[in-house]
Structure formats: structure tokens, C-alpha cells
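Quick note: to get our numbering, add 160 to the position in the sequence shown (first position is 1).
All C-beta atoms in this analysis are idealised placements derived from N, C-alpha and C, irrespective of residue type, glycine included.
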Amino acid sequence: MTRFTDRVTTASRTVRTERASITREAILAAAERLFAEHGVYAVSNRQVSEAAGQGNNAAVGYHFGTKADLVRAIEQKHRVPMERLLARMVADIGDSTELRDWIGCMVFSLTEHLDQLGNPTWYARFAAQALADPAYQKLVVKDALASPSLLLVVQGITRCLPDLPMTVVTERNIMVRNLMMHTCADFERAFAEGAAMPRTTWSSVASGLIDAIVGLWRAPITERP
């Protein structure tokens, strides 16, 4: 009898865990879409719960905590597969002294991830919205800079440009981050809506971005910050 009771308890616990996991995924998907469309600040936890099909308006708080925790969970959901892609690409180029190689790692780890997700995707628009919101910008940037592979990319880029002052390196890192995310957000929106754009695949978007970012890094300095 005890063994039977234990099996029933274990099975019940497994069902509850699976239901909780399904609910969390539904909340993450709904939040990512709503944040992408309307901005993080403009969307309430109640709206996220309703969009996720949850009758309990406190479901977001129960499963994730604060809105900042929810934003971090969405970012982490994408950060893990992108880190795997980036680590593989960085390993492939080794100790390259070609600026384009390092920039390619950074860009392709994002665009390949978006391509693998299928259409429509929401991540680029979500990230662009979060970066534009002072309340969440530091959170997203801090999590991104925790990536060991991304730090290797930054080091690789600076080795390719040894004469660039560190103040300019910092400035252009900010420019590159915004250029990447907002450009990908615009193309993501166009791909989802079927709007006409000069590039129609994530691979071609990456090529255009790499060209532009190489030019940005090699741009002359007329005034030092």
C-alpha cells in the first residue's frame, strides 16, 4: 500500500511540474510578444497573464516574481542558445586577426538564432524595446556582457584595432549594440508582416550588418570623446 501511495504521489508531483512548466512557457511567449509590440513599461502583468490564457491574474508574479525577473527570464531563454552558437563560431576562427571574422561571430550568432526560431519571431523587437527602456536597459546589457564568448569577441575586435582609444572602443560598442538590435527588430517586423524590404533572409541581413559594422569600427575619429 505504501509503495502504491508513493507512486501516486510521485505521479501527481510530475503532473504538477509539467503543468507549471507549460504555464511558464506560455507566460514567457505571451510576455515576449506583448513587450515586443508595445514596450515593457506599457504592458502589465495582468495583460501577460490574460494573453497566456491564465485565469489567475497573479500567475506572472507566482511563476517569475517581478517584471524585471520576467524580462531577465525571456533574455536568458534566448541567451543560452545564442551563447552556444557564438562559442562555436569563436572556436572556429581561433586567433584570427581579421576584424570581419570577429564581427561575423557576433552578428551571425543573433541572426542564425532568429532564423532557427522560424517566422514570426519576437526576440529582436523585445530586445530593442528593453534596450530603449531605462528601467531594463542595464539589466539586458549586464546579462549580455556575462557571456564569456562575447567578451572574447570584444577582445578580438580591439586587438584588430590597437590604435583605437578605449573611450572610442566603449562608444562604438554602444553604437554597434544599438545598430544590431534595432536593425534586426526592423527586419523581424517586416518579415512577420510580409512587408517589402531590401533583404529577404536573415543571412543577407547579417551580411549587410557586418559590412556596416566593419565600416563603423574603421571610421575616422575627428573628435575624441
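DSSP three-state assignment for residue i, whether helix, strand or coil
i, result
"W282", "coil"
"S269", "helix"
"Q207", "helix"
"E185", "helix"
"V294", "For the record, residue 294 in the displayed sequence is Pro; it is not Val. The answer is helix: DSSP assigns P294 an H, G or I state."
"Q358", "Inspection of the sequence shows that residue 358 is occupied by Pro rather than by Gln. P358 falls in the coil class under three-state DSSP."
"R193", "helix"
"A288", "helix"
"E178", "helix"
"A212", "coil"
Environment of residue i [buried if 16+ CB atoms lie within 10 Å]
i, result
"E243", "buried"
"R179", "exposed"
"E258", "exposed"
"H273", "buried"
"R232", "buried"
"G264", "buried"
"D261", "buried"
"Q214", "buried"
"L369", "buried"
8 Å Cβ cutoff met for residue i and residue j
i, j, result
"V203", "Y296", "no"
"F347", "M335", "no"
"V300", "I373", "no"
"V208", "A196", "no"
"R384", "T327", "yes"
"L310", "L246", "yes"
"A219", "I182", "no"
"M341", "A288", "yes"
"Y283", "H238", "yes"
"E344", "L230", "In the sequence on display, residue 344 carries Cys and not Glu. No."
"R332", "R285", "no"
"N205", "G225", "no"
"L312", "V250", "yes"
Segment limits, alpha helix (DSSP H) that includes residue i
i, result
"V203", "Element bounds for V203: n/a, residue is neither H nor E."
"M341", "326-353"
"D229", "227-253"
"R319", "308-320"
"G221", "219-223"
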